[in-house]
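In UniProt numbering, the protein residues as written are 1 to 533. Backbone N, C-alpha and C define an ideal beta-carbon position, used for all residues, glycine too. Below is one structure, written out as structure tokens, with a few remarks after it.
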Amino acid sequence: MSTAPRLPPPRGAPALSVSDDQAPRPRLAEPTRGQPPKPLKSPLSTSSSPSPSQSPPDAAPPMASPAAPLALLILLVSLAIAAAQSGQPSSPPRNSTNISDAAALHTVFEKWGLEDGTMPQGYHPCGKLVWSNSSEMEASINCSCSSNECRITHLNVTGYRNITFIPAELFSLTELVSLDLSNNNLIGQIPPQVSNLSKLETWHFNNNRLNESFPNASALLSLQSLSLRNCGFTGKFPNQILKNLNKLTYVDLRSNNLSGSIDLQQYNSENNFNGSLPDQMPQSLEAQLADPVSFAVNCGGKQYTPPSDPSTMFNDDSANLGAADFHVDTNNNWVVSHVGTDPFSNSSGIVTTGNGTNMPELYRTARTSTGSLWYYVVGLPSGKYTVQLFFAEIVIESGSGRRLFNIDIQDRNIMTDFDISKEAGGSNRPINRNYTADVTTSVLKIHLYWNGRGTCCIPHNGTYGPLVSAIRVFPSAETQASPPPAAHTSRHDEKRRGVVAGIAALSIAATVISSSAVYLWWKWVSLVKHRKA
């Protein structure tokens, strides 16, 4: 089919180029009321329909709006999503707080005045973490999150003097591993529901006003750090609480009114404890300690000041430790502990001599052990120290006897098979040895122990193992004394400065002793009983 030719402009008429915007727009005829508007006719069309032999003039095809397909696509996708969701239950949002934890925390915080009103929908405390974090008051949590849920694991609310009670809902937070409610004004008794917190590892509750008996914490089998300082606890300390707490490594009970003793030996080698608190321990378990920068002790002897050095006083170390015990000097911040290999020995662990009148008095007494001797110095500022050990062999005078033992300082072996007589050139001859040690955690540990070598029975049974006459510790010349670092705590735990002072530091330094030594002691008991059977 042929196309009708375009009509040229009339002769003599200028050719016009009119843009779409400039082209005159035809007006629609006003429709008659009740009638649809008439279609607009093309300027080139006639009133009659074109004949089959005629072709319509060229015209651009109608263009669809580019936004129309996109809008339609978005509409279809939205409808599909809505249809899919209508048939399925809604899943919790990603990383939302466990609903039980959220409800319990909101109730606790509402009762403490930290939050107001009804719990909002979608309450997600693990997305907030901190409510207050000033130098005096702190309210914060920490959480452990899986793919779609968070559990509250740490709760710290400290320094709020208006908080006087513990809501029962707190013990619904069963995933807690750290709880710090120190420096509040809590009154009354710790609820027995505390046993619900079976995953608790750190429990700090210092400086409250409970004035009740000690709480039952025996169900908190994961507990590692227990600090209940200055809480007003009264009565006897319940020994059964410690029986099952095999992971407990830190206890602070200062400034309470507890009485009695702690028989730690009954829990044998499955704990790291050994011995019992000495009789001279103050009933209130309270002592104020200064941070020492030096230390000296007359091992096995009374207090002594050398005439040649009146500025140095060697502390009294004449306590009878028996077969296995320790002594705490609360005035001078040190501890001596002894574990022998013979549980039935009645030896005091102290030897003296009247021989060698020319020997200085400091060497005429000594502390000895057939197993191990530990000396702890507590509260030293961080830095380098010189450890001076004083020796004189005052028991074995025969050339056929040999006393051999090892020396460790800060858990580092510095001497193996140390022989006092050999080093000094004979018995009843003084000899000193100086060593350097680094202190970073406020505690210096000196360990002297028998290694199974040397003679055992010259001049009599039990003549073997370490022997030391005196110990002196002082800062090395290059030491710049600085406060010891704070103890480890959880993310928002109480920031502690300085030395862990008082009875707690001394008791723990004395009682947290090498499990292997305690094990050897108990193993010996078992062997002896087996042989007698």
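{"Check": "Alpha-carbon to alpha-carbon, residue 316 and residue 469", "Outcome": "12 Å"}
{"Check": "Span separating the alpha-carbon of residue 312 from that of residue 339", "Outcome": "29 Å"}
{"Check": "Top-ranked residue by Cα proximity to residue 178, from 165, 188, 203, 354", "Outcome": "203"}
{"Check": "Neighbour-count burial assignment, residue 136, 16 or more Cβ in a 10 Å radius", "Outcome": "exposed"}
{"Check": "Distance between residue 235 and residue 372 (C-alpha atoms, nearest Å)", "Outcome": "35 Å"}
{"Check": "For residue 225, the nearest candidate out of 101, 252, 168 (CA to CA)", "Outcome": "252"}
{"Check": "Candidates 334, 396, 437: closest to residue 422 by CA position", "Outcome": "396"}
{"Check": "C-beta atoms of residue 222 and residue 198 nearer than 8 Å", "Outcome": "yes"}
{"Check": "Reduced DSSP secondary structure (H/G/I, E/B, other) of residue 388", "Outcome": "strand"}
{"Check": "Residue 446 - containing beta strand (DSSP E), residue span", "Outcome": "443-449"}
{"Check": "Own chain, CB closer than 7 Å to residue 219, minus 5 neighbours either side, in chain order", "Outcome": "195, 198"}
{"Check": "Presumed contact (8 Å Cβ cut-off) between residue 297 and residue 378, rounded CB distance", "Outcome": "At roughly 13 Å, the Cβ-Cβ gap does not stay under 8 Å, so residue 297 and residue 378 are not in contact."}
{"Check": "Contacting residues, own chain, Cβ-Cβ under 6 Å from residue 111 (five flanking each side not counted)", "Outcome": "167"}
{"Check": "Outcome for residue 302 when other beta-carbon atoms lying within 10 angstroms are tallied against a minimum of 16", "Outcome": "exposed"}
{"Check": "Status (buried if at least 16 other CB within 10 Å, exposed otherwise) for residue 471", "Outcome": "buried"}
{"Check": "Per-residue burial, residue 233 [other beta carbons within 10 Å of its own, 16 or more giving buried]", "Outcome": "buried"}
{"Check": "Residue 243 versus residue 186 - alpha carbon distance", "Outcome": "27 Å"}
{"Check": "For residue 203: DSSP bridge partner residues", "Outcome": "179, 226"}
{"Check": "Distance CB(residue 451)-CB(residue 404) smaller than 8 Å", "Outcome": "yes"}
{"Check": "Residues of its chain near residue 164, where Cβ-Cβ distance is below 7 Å and the 5 sequence neighbours each way are ignored", "Outcome": "185, 186, 187"}
{"Check": "Residue 106, DSSP secondary structure in three states", "Outcome": "helix"}
{"Check": "Backbone secondary structure at residue 142 - three-state DSSP", "Outcome": "strand"}
{"Check": "Nearest neighbour of residue 387, chosen from 335, 428, 434, 95 [CA to CA]", "Outcome": "434"}
{"Check": "Beta-carbon gap between residue 335 and residue 376 smaller than 8 Å", "Outcome": "yes"}
{"Check": "Which of helix, strand or coil DSSP assigns to residue 43", "Outcome": "Low local confidence applies: a pLDDT of 42 at residue 43 is under 50, so the model's placement there is unreliable, with the coordinate-based value given in what follows. The answer is coil: DSSP assigns residue 43 none of H, G, I, E or B."}
{"Check": "Cα-Cα separation, residue 299 to residue 314", "Outcome": "9 Å"}
{"Check": "Straight-line Cα distance separating residue 418 from residue 411", "Outcome": "17 Å"}
{"Check": "Range of the contiguous alpha helix (DSSP H) that encloses residue 420", "Outcome": "420-424"}
{"Check": "Continuous beta strand (DSSP E) stretch holding residue 474: start and end", "Outcome": "470-475"}
{"Check": "Residue 107 beta carbon less than 8 Å from that of residue 169", "Outcome": "yes"}
{"Check": "Assigned secondary structure, residue 376 (DSSP; H/G/I helix, E/B strand, else coil)", "Outcome": "strand"}
{"Check": "Simplified DSSP state of residue 457, which is helix, strand or coil", "Outcome": "coil"}
{"Check": "Cross-strand partners of residue 137 (DSSP beta bridge)", "Outcome": "Residue 137 pairs with nothing; no bridge assigned."}
{"Check": "Status (buried if at least 16 other CB within 10 Å, exposed otherwise) for residue 229", "Outcome": "buried"}
{"Check": "Buried or exposed by the 16-neighbour rule on C-beta atoms within 10 Å, applied to residue 142", "Outcome": "buried"}
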